[in-house]
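K.L.:
Protein chains in written order, with UniProt numbering: chain X, 1 to 523; chain A, 1 to 428. All C-beta atoms, glycine included, are put in the ideal place defined by N, C-alpha and C. Here the structure is a predicted model, which is why all the values come from computation and not from measurement. What follows is a single structure, and I will ask about it in a moment.
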Ligand SMILES: Nc1ncnc2c1ncn2[C@@H]1O[C@H](COP(=O)(O)OP(=O)(O)OP(=O)(O)O)[C@@H](O)[C@H]1O
Ligand SMILES: [Mg+2]
């Protein structure tokens, strides 16, 4: 990976992280085992142990653990900034996120008051038993949801983002040298089309890709076979960076689940199984208001979706334990968001009685379940499904619903979408804008959901291949622009927002990879 | 999107159609083509008839003669394939005949099971085979069986059986049947219940695939790509207590629709593409390809089983609804073939799919741009196949055998076969 210029403090935290991991003890035990082998020579004990560990695959595991750390921990500049700067360096965005969180919490609390239900309550034993019995079919008789409303939807969130203004920066000044037609007011640096072309050069038109739907063509068939063959070798190497490199051209369907696990460094053992079981127990013990929100969300989205309805029950088995999972809290050190706090009744503001609510710190919004739904095509074991989702969430998806200046955050992605569309399709942008249809108003929900539920299932997976492989969400706005380009002829005819939305309502027939290729590389 | 249709309207006299069914997917297709509605008693070119009308038209005493520019949507004696008891009878006979010929296809394993042609659940007719059934039942008394009235559809009259006492009424020597010979109303088939169906999300489903036949001799058949899986709304549960719960066991839309958990947005229907994506992702490509190849294999052989017996009237074509259950070993079982698969649309994507189905059927049976003529060679141009793939064309297969190109004859879902089976071109 050529990361030679890692700072000393970064190395320290890496070592610290490794030392506290299970891998550390496992490695120690494995080293012990090597030492006690009769073949080991006392004079060359270090070398012998090292070779032994390499031969038995431990060195791969260590490399993967380091890869995982590098992927999930941004390099910290020197001198080390204060923690709130790591979360979000721009003060006005920190403030805006805080305000937004307050609003969410307020609306949650008022729902409690209105419906006269607590944020959390202990389930009586009998109820726990019943729930345990129908754990795999929670969809059948869920709680009464008639009064439950999603706390917010992407369009509410968009309003907030549109209201963001940097107080030290007057937009009117810039109008002269670079007129922005879009509605995102925050000046952030986003990539240019040339930078994106470079970043996604493996997707260039002359590079064959997996999963381009061209079954009859013999060369494609041959190519697919070759891809599978190579993919098997990649999997056998069991090394995250290799899997990631390979996936840049898309994963063959039959290898995807394995490649993704390697990229995400997910290797499950008994501890993980026990951990999930414990989360399940926590679900059984307490009934949280967020459970109802999650239920409601599944019912509003996946249950009614002809691609995902069969997986309804899996979604509960993932989402409910997820809300109890305090491991998720870890990602808040990089997230501009902060887990909501709540106080035991009557102890408002007293720190000892403060709890994070929900335990994982994530309040679901309308469409949240769709982050899990496509994964159900890949993992039929709930446990694997759970851990893969959790990892994808804390690496990527949290950025799609919190306010930050991060290049992968939703604000920058929205801006990137507007910039690209304006440079790429000025005529189209101008037309839409002049009939009262700001493109982002249509595209925002696609971005927030990473297109899940909008594209057909196979296409979402092909898209997410690229998210994981390039370790970046920037492909989302690129695709959004490509879709506008592709439907340009019809969009140029619309005279209203509703008409534009109608043209873009059904994306299930799209083949995303050729679209992205066209849009990125053909002009 | 539907550029293949209606080319005829300006250049030729507009086609006259008749139909017994006031289904919008049919009417919309006819209207888009600019066809003119006429009564079934008039000179129609294209008649989408129900099976009752077919019986009348082809009955001996009717004396009706079809002309060369008339096309109709059923074969006269399609019941040989589409009535539950007759289908089973014909498949059994087909296997026996192959066995007598010494065909490799009729190869059996050490238990006497057909290796290549064991694709329908073991089935008996009641009351005719009552004694045979009892013998079989006693061999495996813990098996569940499914009773289905021969003449009914949409799940009506179906029930599960796990005790002989439930069948008193159908035993040969029972009083009720001794004096009156059974009519087709009281005849049943009883089949081994597939109690290990493949479950997805814990639920049972079956496949509905559409197969178009334009000729039985030589056999010419097409498989529609946009088939779907129909899911039960309730978790599958093989326990005895649930034997009466038809929401668990029957996947018929007409049954599931009555359940509390029926969802009108998707109607419990999942596309074959999604099924394929799921299976390939979770189980791998080889087994998934094998499954889909086997499904095609079974369809072709079910058609071959009746190809000698169907009256191969050249005015006829037929679009069958195949019902297939996949078990948890990924083996497909042919359950039933429907002569008039439902054209009612339960959801909007259902409507689109069925519209395409009818559109593509018409383009294959009446080549666009040409007047209907039953003497044509029935080799539609590739661009007129729409969402259909050639499943098998006996004529082309034979030509290719002669010209030494065994690969070309059958186009598969995915074009690949596993080596353990004779390749499609050698299907006889
Ligand atoms: N042998 C079997 N094992 C398991 N399930 C079966 C079996 N036979 C039938 N079923 C279930 O019962 C349903 C109805 O069976 P079948 O299609 O034979 O009857 P039907 O009433 O003619 O239905 P329809 O006319 O609507 O197709 C099937 O869709 C399937 O779900
Ligand atoms: Mg049926």
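1) Residue 148/A: beta carbon under 7 Å from a heavy atom of ligand 1?
2) Verify the CB distance criterion: does residue 246/X have a CB-CB separation below 8 Å to chain A?
3) Quick check: is the beta carbon of residue 263/A nearer than 8 Å to any beta carbon in chain X?
4) Under 7 Å Cβ-Cβ, which residues of chain A neighbour residue 522/X?
5) Is there contact between the region 318-330 of chain A and the region 197-211 of chain A, where contact requires at least three CB pairs shorter than 8 Å?
6) In the region 293-304 of chain X, which residues sit with their C-beta less than 8 Å from some C-beta in chain A, listed in chain order?
7) List the residues of chain X that residue 274/A touches, going by C-beta distances under 7 Å, in chain order.
8) Whole-angstrom Cβ separation of residue 107/X and residue 465/X, contact assumed at under 8 Å?
9) Could you check if residue 175/A is buried or exposed, using at least 16 other CB atoms within 10 Å of its CB as the buried criterion?
10) Bridge partners of residue 231/A, per DSSP?
11) Drop a sphere of 10 angstroms on the beta-carbon of residue 16/X, count the other beta-carbons inside from all chains shown, and report buried for 16 or more, exposed for fewer.
12) Could you check if residue 387/X is buried or exposed, using at least 16 other CB atoms within 10 Å of its CB as the buried criterion?
13) At a Cβ cut of 8 Å, what residues of the region 383-414 of chain X count as close to chain A, listed as they run along the chain?
14) Whole angstroms is fine: what's the gap from residue 132/X's alpha carbon to residue 331/X's?
15) Quick check on DSSP: helix, strand or coil for residue 56/A?
16) When we look at the beta-carbon of residue 83/X and count the other beta-carbons within 10 Å, is it buried (16 or more) or exposed?
17) Would you check whether ligand 1 has a heavy atom nearer than 7 Å to the C-beta of residue 250/A?
18) Looking at residue 347/A: is its Cβ nearer than 8 Å to the Cβ of residue 269/A?
19) So, residue 397/X versus residue 375/X, is the Cβ gap smaller than 8 Å?
20) Can you tell me where the alpha helix (DSSP H) holding residue 529/X begins and where it ends?
21) Please classify residue 41/A: is it buried, with 16 or more other beta-carbons within 10 angstroms of its beta-carbon, or exposed?
22) Name, please, each residue of chain X whose Cβ falls closer than 7 Å to the Cβ of residue 344/A.
23) Assuming residue 305/A is part of the alpha helix (DSSP H), what are its boundary residues?
24) Can you name, in chain order, every residue of its own chain whose Cβ lies under 6 Å from the Cβ of residue 410/X, other than the five neighbours on each side?
25) Within the continuous beta strand (DSSP E) that includes residue 324/A, where are the two ends?
26) Can you tell me whether residue 416/A is helix, strand or coil according to DSSP?
27) In three-state DSSP terms, what is residue 8/X?
28) If I follow the unbroken alpha helix (DSSP H) through residue 353/A, where does it start and stop?
29) Going by beta carbon distance, what residues of the same chain come within less than 7 Å of residue 485/X, once the five residues before and after it are set aside?
30) Which residues does DSSP pair with residue 267/X in a beta bridge?
31) Under 8 Å between C-beta atoms, does residue 510/X make it to chain A?
32) Taking only three categories from DSSP, how would you classify residue 238/A?
33) Between the region 147-165 of chain X and the region 181-188 of chain X, do three or more beta carbon pairs fall short of 8 Å?
34) In the region 91-122 of chain X, which residue ranges form an unbroken alpha helix (DSSP H) of at least 4 residues, counting only runs that do not cross its ends?
35) Name the one or two DSSP bridge partners that residue 254/X has.
36) Would a check of beta-carbon distances place residue 242/A closer than 8 Å to chain X?
P.N.:
Taking the coordinates as given:
1) Relative to ligand 1, residue 148/A has its C-beta within less than 7 Å of a heavy atom.
2) no
3) Under the Cβ criterion of 8 Å, residue 263/A is counted among the residues facing chain X.
4) By Cβ distance, chain A contributes nothing, its closest Cβ being about 24 Å from residue 522/X, past 7 Å.
5) The way I'd put it, the region 318-330 of chain A does touch the region 197-211 of chain A; three or more beta-carbon pairs between them come closer than 8 Å.
6) 303, 304
7) 307, 457
8) 36 Å between Cβ atoms; not a contact.
9) With a pLDDT of 48 at residue 175/A, under the threshold of 50, the modelled position of that residue is not reliable, and no figure is offered here.
10) 205/A
11) exposed
12) Residue 387/X sits buried, since 16 or more C-beta atoms from the chains shown fall within 10 Å of its C-beta.
13) none
14) Roughly 30 Å between the two C-alpha positions.
15) helix
16) For residue 83/X, the number of other beta carbons within 10 angstroms of its own is below 16, and it is reported as exposed.
17) Under cutoff, so the answer is yes.
18) yes
19) no
20) As shown, chain X starts at 1 and ends at 523. That puts residue 529/X outside it, with no answer to give.
21) exposed
22) What residue 344/A touches in chain X: nothing, since even the nearest Cβ is about 17 Å away.
23) 285-307
24) 400
25) 318-326
26) Caution applies to residue 416/A, whose pLDDT of 34 falls short of 50 and renders its modelled position unreliable; the value that the coordinates give is listed next. Here residue 416/A sits in coil by DSSP.
27) If DSSP states are grouped into helix, strand and coil, residue 8/X belongs with the helices.
28) 348-365
29) Non-local C-beta neighbours of residue 485/X in its own chain, meaning closer than 7 Å and more than five positions away in sequence, comprise 424, 425, 519, ordered along the chain.
30) Answer is none; residue 267/X lacks a bridge partner.
31) no
32) coil
33) yes
34) 91-115
35) Note: residue 254/X sits in no beta bridge, so no partner.
36) no
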